[in-house]
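These notes concern the structure reproduced below.
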Amino acid sequence: MPELPEVETTRRGIEPHIDGRSITAVTIRQPRLRWPIPQQVSKSLPGARVQAVSRRGKYLLITTSSGTLLAHLGMSGSLRILPTGTAAGKHDHVDIEFDGAHILRFTDPRRFGCMLWLEPGVTSHPLLDSLGPEPLGDEFSGEYLFKRSRTRKVPIKSFIMDSQVVVGVGNIYANEALYMSGINPRRMAGRVSAARFDELATAIRQVLGNAITAGGTTLRDFTNSEGNPGYFKQSLNVYGRRGLPCNGCGSALKEIRMGGRSTVYCTACQK
DNA sequence: AGAGGTACCTGGCAGC
DNA sequence: TGCTGCCAGGTACCTC
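Okay, so the first sequence: first residue is 4 according to my numbering, each after it adds one.
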């Protein structure tokens, strides 16, 4: 379930269990993810010590004394902390053991995720280098979006989901942020005003920030088997609500497909 | 260069 | 109960 809030929740969940710890073993059961897991992951990690657990967009970076593990959870991936020796299921592709006591387990049924490797000191990678700013960072603003959008001939929804424009806005939160700011997802990005981009930027920050806060609930029982309580269903205004009444005006929400993705909006409230 | 479509993979669910 | 087809929170890559 990884959009940016889930990835950040994962980062916060695993960090206290692995930061500063030593890796004692690596088990790769299925190396065929989106790209094959490079050999350095199993060769270089054992004996290394974790120095930082960070995030860039939806990528997680586990920096160690011998190199950096770059991971993406794709559509169905998860990372959990479990006791050493926990039986592995069909889609438990990688285990990284710490201090012989517990493991960081990568599970991903669809295998759209990845685990890649950066040599020590390397911070640049093709997957990272062209990413746009963090939506919760200082660089991101309505003014920024306005400037970037002037020459673009794509719908506003596609625009904000473009990771070169801004990272971390997935399908759910794109739908929600456009609803919150009253913008029709089909409107051309180049024809959205500066004032409306201010509202959109604020909405993106708010919806992602709220979701991260709600993710804290998941965080507490992180080592248990998932289950996403609070946030989903309760806080969503449009995603997954096709045909149901708009929370603002009561008219039935419309669903269309844009770029193959489910897009739900209120034809009355979003112009 | 930018826009649009396809591909990767498995599981769950609606409909027959 | 079982089959088929469609859908799913992502994104790199190919073509036009």
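Where a beta carbon is used, it is the ideal one built from N, C-alpha and C, also for glycine.
Taking 6 Å as the limit between beta carbons, can you name the residues of its chain near T89, skipping five residues before and five after? Cβ within range, chain order: n/a, list empty.
Is the beta carbon of L73 less than 7 Å from the beta carbon of Y62? Result yes, Cβ atoms of L73 and Y62 sit closer than 7 Å.
Would you call P248 buried or exposed, if buried means 16 or more other Cβ atoms sit within 10 Å of its Cβ? Flag for P248 reads exposed.
Which of helix, strand or coil DSSP assigns to Q33: Coil at Q33, not helix or strand.
Beta-carbon contacts of S166 that lie in its chain and below 7 Å, excluding the five residues immediately before and after: Take S166, set aside five residues on each side of it, and the residues of its chain with a beta-carbon closer than 7 Å to its own are G60, L134 and G135, in chain order.
In terms of residues, what are the limits of the alpha helix (DSSP H) holding K257? No alpha helix (DSSP H) contains K257, which is instead part of the beta strand (DSSP E) from K257 to M261.
I'd like the ranges of any alpha helix (DSSP H) spanning at least 4 consecutive residues and lying wholly in the segment 132-191. Inside the segment 132-191, DSSP marks whole alpha helix (DSSP H) runs of 4 or more residues at positions 145-152, 159-163 and 174-183, from first to last along the chain.
Can the beta-carbon of C272 be found less than 7 Å from the beta-carbon of G251? If you check the CB distance, C272 and G251 come in under 7 Å.
Which runs of the beta strand (DSSP E) fall wholly inside the segment 62-135 and span at least 3 residues, in chain order? Those beta strand (DSSP E) runs which fall completely within the segment 62-135 and span 3+ residues are 62-67, 70-75, 81-86, 95-101, 105-110 and 117-121.
For F225, three-class secondary structure by DSSP: Interpretation of F225 is limited by its pLDDT of 40, a score under 50 that renders its predicted location unreliable; no figure is taken from the coordinates.
What do you get for A197, buried or exposed, if any count of 16 or more other CB atoms within 10 angstroms of its CB means buried? By the beta-carbon neighbour count (other beta carbons within 10 angstroms, threshold 16), A197 is exposed.
Measure the alpha-carbon distance for T126 versus T270 and round it to whole angstroms. As the crow flies, the alpha-carbon of T126 is around 44 Å from that of T270.
With 16 other Cβ atoms within 10 Å as the buried cut-off, status of T154: When all chains shown are included, T154 counts as exposed.
What does a CB cutoff of less than 6 Å around C117 pick up in its chain, not counting 5 residues either side in sequence? Within its own chain, the residues whose Cβ lies closer than 6 Å to the Cβ of C117, once the five positions on either side in sequence are excluded, are L36, R37, W38 and H75, listed in chain order.
C-alpha distance - G23 paired with K150, whole-angstrom precision: Distance between the alpha carbons of G23 and K150: 42 Å.
Identify every residue that forms a DSSP beta bridge with I26. According to DSSP, I26 bridges with F101.
Separation of I106 from L48, as counted between CA atoms: Rounded to whole angstroms, L48 and I106 show a C-alpha spacing of 13 Å.
Can you have a look at A180 and say buried or exposed, based on whether 16 or more other CB atoms are within 10 angstroms of its CB? That one is buried.
DSSP three-state call for P19: helix, strand or coil? Helix.
For K274, which residues of its own chain have a beta-carbon under 7 Å away from its beta-carbon, when the five flanking residues on both sides are left out? So the list reads G185 and N187, once near-sequence residues are dropped.
From T221 to T12, what distance separates their C-alpha atoms? Here the model assigns T221 a pLDDT of 42, short of 50, so the residue's position is not dependable and the matter cannot be decided.
Where V195 sits in the DSSP three-state scheme: In the three-state reduction of the DSSP assignment, V195 falls in the coil class, being assigned neither a helical nor a strand state.
Measure the C-alpha to C-alpha separation of S265 and M191 and round it to an integer number of angstroms. So the alpha carbons of these two residues sit roughly 18 Å apart.
Can you say whether E100 is buried or exposed, counting buried as having 16 or more other CB atoms within 10 angstroms of its CB? Burial call: buried.
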